[in-house]
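Only one structure is covered here, and it is reproduced in the block below.
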Amino acid sequence: MEFEGVVYKIMPPTKGVSARGEWQRQEVIFEMPQEFSRKVCVTFFNKESEVARLKEGAAYTVSVNIESREYNGRWYTDVRAWRVQPKQEAAPAPEMPPIGEEPAYASPATAEVDDLPF
């Protein structure tokens, strides 16, 4: 799944050691620009270099996996990022000449040259 959002807050990292080795988890809160702004907490697992590039207030396109799991009769939902890209600004529209104005490359009709053989 993908969404566009603005970085609202970058939380401090959480580090630990498991049977597989060291790990680092960091949560980033994104605000989605809509009529009613909504915030989504996205987890970055072992991606400290990606989080370091994020800036609060900047817009990004975030690709995530969403998964829910049950533990002791309660359900928990994880939103884990797997790719973050800066939001692309729309390219400006090319400038067009005003309506009714002849383009510079058009030659006047009266200056026709007859280059046909006799």
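Using numbering that gives the first Met the number 0, you'd call the opening residue of the sequence shown number 0 and step up by one each time.
The beta-carbon is built from N, C-alpha and C at its ideal position, and this holds for glycine as well.
Because the structure is a prediction, the values reported are computed rather than measured.
_Suppose you measure from the CA of Phe35 to the CA of Val6; what does that come to, to the nearest Å?_
As a first step, residue 35 must be located in the sequence shown, where it is residue number 36. As a first step, residue 6 must be located in the sequence shown, where it is residue number 7. Looking at the two C-alpha atoms, the distance is approximately 16 Å.
*When DSSP builds the beta bridges, which residues end up paired with Trp22?*
The residue you call residue 22 lines up with position 23 of the sequence shown. Per DSSP, Gly15.
_In the DSSP output, what is Ala58 paired with across the bridge?_
For the purposes of this step, residue 58 is taken as the residue at position 59 of the sequence shown. Val5, per the DSSP bridge assignment.
*asked:* Going by DSSP in three states, Glu49 sits in which element: helix, strand or coil?
replied: Counting from one through the sequence shown, the residue named residue 49 turns up at place 50. It is helical.
*Whose C-alpha, out of Lys54, Thr60, Asp113, is nearest the C-alpha of Trp81?*
Mapped onto the sequence shown, residue 81 falls at position 82. If we check each option's Cα against that of Trp81, Thr60 comes out closest.
*Kindly indicate which three-state DSSP category Asp114 falls into: helix, strand or coil?*
For the purposes of this step, residue 114 is taken as the residue at position 115 of the sequence shown. Coil, per DSSP.
_I need the DSSP call for Lys38, collapsed to helix, strand or coil._
One-based indexing of the sequence shown puts residue 38 at position 39. Lys38: strand per DSSP, three-state reduction.
*Which listed residue (Gly56, Arg37, Val41, Ser67) has its alpha carbon closest to that of Glu26*: Counting from 1 along the sequence shown, the entry for residue 26 is found at position 27. For the residues Gly56, Arg37, Val41, Ser67, the minimum Cα distance to Glu26 belongs to Val41.
*asked:* If I measure Cβ to Cβ from Phe2 and keep anything under 7 Å in the same chain, skipping five residues before and after, which residues do I get?
replied: Position 3 of the sequence shown, counting from 1, holds the residue named residue 2. For Phe2, where only same-chain residues beyond five positions count, the Cβ hits under 7 Å are Met31, Val61.
*Span of the beta strand (DSSP E), counted from its first residue to its last, around Gln84*: Walking along the sequence shown from the start, residue 84 turns up at place 85. Taken as a continuous stretch (DSSP letters only), the beta strand (DSSP E) holding Gln84 covers 73–85.
_Gly20 classed as buried or exposed, judged by whether at least 16 other C-beta atoms fall within 10 angstroms_ = The residue you call residue 20 lines up with position 21 of the sequence shown. Exposed, since its Cβ has fewer than 16 Cβ neighbours within 10 Å.
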